[in-house]
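Everything on this sheet refers to the single structure shown next.
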């Protein structure tokens, strides 16, 4: 194994984030409560520096640490998205945790540790490195899911997440070991070469592919491996839910696409058929079950499952055609999905006020009267999630479905669009409750809602993304296309 | 042609206005909304005269790259088909603001903003020449309309709003798939004009036609897809009903004329019998349903189903009379039904009931109001001298050339329209009003007069001098027909035209109003020199 100091320079963002995470963890017990705000600003500052460093790596294409890690535009795309989401999460948590009376400095440390894991996932070119990143991310998330220690639901969510997460990691690891047995390597380029050499006949290879698909299926919350999602999303503190729904999904997709396109690209025809089935099941279950939810966080959990289904359409399409437009549309879709989902969770977090949980659909009754701005923003996020123009959600769907039609999957596009029409019902139900129901007498006595400055920043970023990219997606499209072009 | 971005201003001025409305004082919200809609009307009027009627090309074209990797353009333009619809929209919007002056008391700011956003999207739909741009405008109006019905609507508004939304959204889902299939089949372009030049296989055309059909038929609404309409109309606030009936319904028929016919000519020809049957069913069924209604708004809603049946019938005749009649009828229905809904809104403000039984004998206490109501009703039943006569007559002439039986059946609709409208008039205008309502029945205020008079003027103007509208749409309609009826069909089309030339003067000899357009039309066009179009 060769190792050079130059390699360390290339992973400077990762090093910086993990160092800050350690500093936060160490300083937390030492600092008095008013000073702990400093940790928030330290974390945000680190993210800003990392953003600059990673942005300077766009266009780079280097294998480092003997091919364990690759620094390329594809990784940079995901990393920039992850920094952005993490920054929003920290800003959202700042006011939300005070409302929940959760004063844990470790919280920010774990968020940063999870971020490190995600960064490793998206820039690893070795299956074991990917596994390492996945575990770092998952373990940090298990911890912060159970942060509301006084609340059984939060603890249950944490335990459930841990058991199922560990189970899925086991399957993933089993798949990796079988793949090693079949191809003699855990490096993605070597695996690709080996598969090209020996053809598709090896049953071991197919079995390994299926195990990998299952392992990633858990992380992506794809039906039938989605069972943990609603419970965990509902039980976790809302800021953590938002982080999981967006960042962990993005990172998992990042690693998943790299493994299947770069490593297992030779088995395209096989995995494309598998994912077609998963995709239809995901769209079906995600959208139908969301219809009957009364808890907004559960509803958004099923909605996030459904959106993973839409993203999978792009993956299926990519398996059928030579062009990279399918993968690019997945990248675009997930980055647009980030804005709307995060915004929606931020509004849910905002409603947590005093004794009001703010998670039931009933809690949104008459929001348009109580806080017109919050209602308007939620309206925009819901419209975008339903995929109605001129919002980001429409642009994402347009690209995904175009790649499906290009791959000859017109029927799948039609089916998915019919599910999109179904999904409009549950998104609009929230709009209906906010705008068309009068606030009950009870909610007159409800605490006045205020938008804290940090929350305002989060919502402004989210809504700006939804509207601006809904009307003018070109910069994001060209970045996604450029990122995918480096994927072999 | 001047490079002045007329259409962009026309589309986005209301949107800016919607933003501005949130910045002004409470007292001036209504005035600002009125000012913006009137300004938009004034901007749109010069287009009527700047429009070159002798050209079948798109005019006032603006084009800019929007999403280059997919070749999506921001492309706008007007032809003789969309021009009258745009002007109709800009004329109706100030009236919608005026009728809501007192009727809307809660959240006036948001209400006016919604109206303005609707105006932006509606004009956008009629101007868009890029399929994605069209779809964006087409869908963008769903949310404001949903909120208009759901927030300011009647008692059953929640049900009506979500029904409206889900019907139209589900309907347009397949439209998007069809657009994407066309993109790959038509050579990676979303340009409506370029896609209209391509030829596609018959099997594909039928699939695409069905997808288009579902989206447009829901919007029109054609017979089996109409059930959202009575609910939405009844529950919507007056301005919402006017927008729905006058403009939104036209988008469906406009879609057929702009997309289905020129892009999918073979499928359109093949499926003509189906479309004709559905249209005739809609005409008769809508009229019968209207006969049975006790609620004024429901009555007008079902009469819309019936009248829109005439429009679809005319469109699928593929002859100049049928299609010109259909476009005329689109404009006429917008004016007449808009007027009827405004009238119902006014009486609702007074008696808080839309039931016919609660609003009887209005002539004595409200003579001006009753006069307007009678004029709109007579126009709606197609009395010669009013606008609807011109449209319905042309449609029936076109139908007669295609099939005498179809024309006879469609004529039933006119007879039934006379029945339900006159019966309605008999009850509402005449009779003895309930004593307890008399103090509430004050006659039209100047504001209400200002709302109705423009429409009455238009009714008689179009009824007596339809030529300005017909002459502007003539070449555009001919272009569509040339596309649907290619060379092989030319002989039949020519014989139709021959028939029509001999038939028309005879049929229209003793009907006032139409005779002045019939005979001179073909020579009139022959004499106008064709101007060169700049690219």
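Residue numbers (this note's numbering), protein chains in the order written: chain A, 854 to 1341; chain B, 24 to 558. Think of the CB as a built atom: it goes at the ideal place given N, C-alpha and C, for glycine as much as any other residue.
Quick one: give me the first and last residue of the beta strand (DSSP E) that residue 98 (chain B) is part of. Here residue 98 (chain B) refers to the residue found at position 75 of the second chain. Here the beta strand (DSSP E) through residue 98 (chain B) covers 95-101.
Contacting positions in the region 179-208 of chain B - beta carbon closer than 8 Å to chain A: 180, 181, 184, 185, 188, 189, 192, 193, 196, 197, 199, 200, 203, 204, 206 and 207
Could you list which residues in chain B have their beta carbon closer than 7 Å to that of residue 1262 (chain A), in chain order? Here residue 1262 (chain A) refers to the residue found at position 409 when the first chain is read from its first residue. Chain B residues near residue 1262 (chain A): none, gap ~11 Å exceeds 7 Å.
At a Cβ threshold of 8 Å, is residue 1241 (chain A) touching chain B? Numbered from its first residue, the first chain carries residue 1241 (chain A) at position 388. Yes, its Cβ sits closer than 8 Å to a Cβ of chain B.
Would you call the CB atoms of residue 258 (chain B) and residue 313 (chain B) closer than 8 Å? Within the second chain, numbered from 1, the residue matching residue 258 (chain B) stands at position 235. Within the second chain, numbered from 1, the residue matching residue 313 (chain B) stands at position 290. No, the pair does not count as a contact, with Cβ atoms beyond the cut-off.
Nearest-angstrom Cβ-Cβ length linking residue 1169 (chain A) and residue 1128 (chain A), presumed shorter than 8 Å: As a working note, residue 1169 (chain A) is residue 316 in the first chain. As a working note, residue 1128 (chain A) is residue 275 in the first chain. Yes, they are in contact, since the Cβ atoms of residue 1169 (chain A) and residue 1128 (chain A) sit about 5 Å apart, within 8 Å.
Shortest alpha-carbon distance to residue 1307 (chain A) belongs to which of A:1239, A:1246 and A:1202? Within the first chain, residue 1307 (chain A) is the residue found at index 454, counting from 1. Of the candidates A:1239, A:1246 and A:1202, the one whose C-alpha sits nearest the C-alpha of residue 1307 (chain A) is A:1202.
What residue does the alpha helix (DSSP H) around residue 1082 (chain A) start on, and which one ends it? The sequence position of residue 1082 (chain A) within the first chain is 229, counting from 1. That run of the alpha helix (DSSP H) goes 1081-1088.
Opposing strand residues paired with residue 924 (chain A) [DSSP bridges]: Here residue 924 (chain A) refers to the residue found at position 71 when the first chain is read from its first residue. According to DSSP, which records beta bridges pairwise, residue 924 (chain A) is partnered with A:915.
For residue 75 (chain B), does the three-state DSSP call read helix, strand or coil? Position 52 of the second chain, counted from the start, is the residue given in the question as residue 75 (chain B). It is coil, neither helix nor strand.
For a contact meaning CB atoms closer than 9 Å, what does residue 1140 (chain A) contact in chain B? Residue mapping note: residue 1140 (chain A) aligns to position 287 of the first chain, counting from 1. Chain B residues near residue 1140 (chain A): none, gap ~13 Å exceeds 9 Å.
Meets three-Cβ-pair contact criterion under 8 Å: the region 244-257 of chain B and the region 294-304 of chain B: yes
Can you tell which of B:287, B:280, B:353 and B:217 has the C-alpha that lies nearest to the C-alpha of residue 273 (chain B)? Translated into positions along the second chain, residue 273 (chain B) becomes position 250. Here the closest residue by C-alpha is B:353.
Does the ligand PLP have a heavy atom nearer than 7 Å to the CB of residue 349 (chain B)? Ligands displayed in this structure: none; no statement on the ligand PLP is therefore possible.
Ordered along the chain, which non-local residues of its own chain (more than five positions away) have a Cβ less than 6 Å from that of residue 190 (chain B)? Taking the first residue of the second chain as position 1, residue 190 (chain B) is located at position 167. Cβ within range, chain order: 241 and 251.
Residues bridged to residue 88 (chain B) [DSSP beta-bridge criterion]: The residue you call residue 88 (chain B) lines up with position 65 of the second chain. DSSP lists B:96 as partners of residue 88 (chain B).
Inter-stretch contact at 8 Å, needing at least 3 Cβ pairs: the region 975-989 of chain A / the region 1026-1033 of chain A: yes
Could you please give me the residues that DSSP links to residue 151 (chain B) through a beta bridge? By one-based count along the second chain, residue 151 (chain B) stands at place 128. DSSP output for residue 151 (chain B) lists B:99 as bridge partner(s).
When you compare the CB of residue 1326 (chain A) with every CB in chain B, is at least one pair closer than 8 Å? Along the first chain, read from residue 1 onward, the residue named residue 1326 (chain A) stands at position 473. Cβ-Cβ to chain B under 8 Å: yes for residue 1326 (chain A).
Anything in the region 145-162 of chain B with a Cβ closer than 9 Å to a Cβ of chain A? List those residues in chain order, please. 155, 158, 159, 160, 161 and 162
What does residue 1291 (chain A) touch in chain B if you count any residue whose Cβ is under 8 Å from its own? In the first chain, counting from the first residue as 1, residue 1291 (chain A) sits at position 438. Within 8 Å Cβ-Cβ: nothing; residue 1291 (chain A) doesn't reach chain B, min ~11 Å.
Across the region 1330-1338 of chain A and the region 97-113 of chain B, are there enough close Cβ pairs to call them in contact, namely three or more that are closer than 8 Å? no
Are the Cβ atoms of residue 271 (chain B) and residue 256 (chain B) separated by less than 8 Å? Position 248 of the second chain holds residue 271 (chain B). Position 233 of the second chain holds residue 256 (chain B). The answer is no: Cβ separation not under 8 Å.
Examine chain B for any beta-carbon lying closer than 8 Å to the beta-carbon of residue 1029 (chain A), and answer yes or no. Counting from one through the first chain, the residue named residue 1029 (chain A) turns up at place 176. Not closer than 8 Å to any Cβ of chain B, the Cβ of residue 1029 (chain A) fails to qualify, so no.
Enumerated in chain order, which unbroken segments of the beta strand (DSSP E) with a length of 3 residues or greater are wholly contained in the region 236-322 of chain B? none
Where DSSP assigns a beta bridge to residue 979 (chain A), which residues make up the other side? In the first chain, the residue the question calls residue 979 (chain A) occupies position 126. Paired residues: A:1040.
Give a yes or no on whether the minimum CB-CB distance between residue 173 (chain B) and chain A is below 8 Å. If you number the second chain from 1, residue 173 (chain B) lands on position 150. Output row for residue 173 (chain B): interface = yes.
When you compare the region 352-371 of chain B with the region 386-400 of chain B, are there three or more beta-carbon pairs, one atom per stretch, that lie closer than 8 Å? yes
Relative to the C-alpha of residue 393 (chain B), which candidate in B:370, B:409 and B:132 has its C-alpha closest? Counting from one through the second chain, the residue named residue 393 (chain B) turns up at place 370. Per the Cα distances, B:370.
Closest by C-alpha distance to residue 1032 (chain A), when choosing among A:1081, A:897, A:1055 and A:1249: Sequence index remark: in the first chain, residue 1032 (chain A) carries index 179 (1-based). Of the listed residues, the one whose Cα sits closest to residue 1032 (chain A) is A:1055.
Counting beta carbon pairs with one atom in the region 1086-1097 of chain A and one in the region 924-943 of chain A, are three or more of them shorter than 8 Å? yes
Can you list, in chain order, the residues of its chain with a C-beta nearer than 6 Å to that of residue 811 (chain A)? Leave out the 5 residues immediately preceding and following it. Since the first and last residues shown for chain A are 854 and 1341, residue 811 (chain A) lies out of range.
DSSP state of residue 82 (chain B), grouped into three classes? Your numbering for residue 82 (chain B) matches position 59 in the second chain. Looking at residue 82 (chain B) - three-state DSSP - the assignment turns out to be strand.
DSSP state of residue 1148 (chain A), grouped into three classes? As a working mapping, residue 1148 (chain A) is identified with position 295 in the first chain. Strand.
Start and end of the alpha helix (DSSP H) containing residue 359 (chain B)? Indexing the second chain from 1 puts residue 359 (chain B) at position 336. Run containing residue 359 (chain B): 343-374, per the alpha helix (DSSP H) assignment.
Taking just the CA atoms, how far does residue 166 (chain B) sit from residue 115 (chain B)? As a first step, residue 115 (chain B) must be located in the second chain, where it is residue number 92. As a first step, residue 166 (chain B) must be located in the second chain, where it is residue number 143. If I take the Cα positions, the gap works out to 20 Å.
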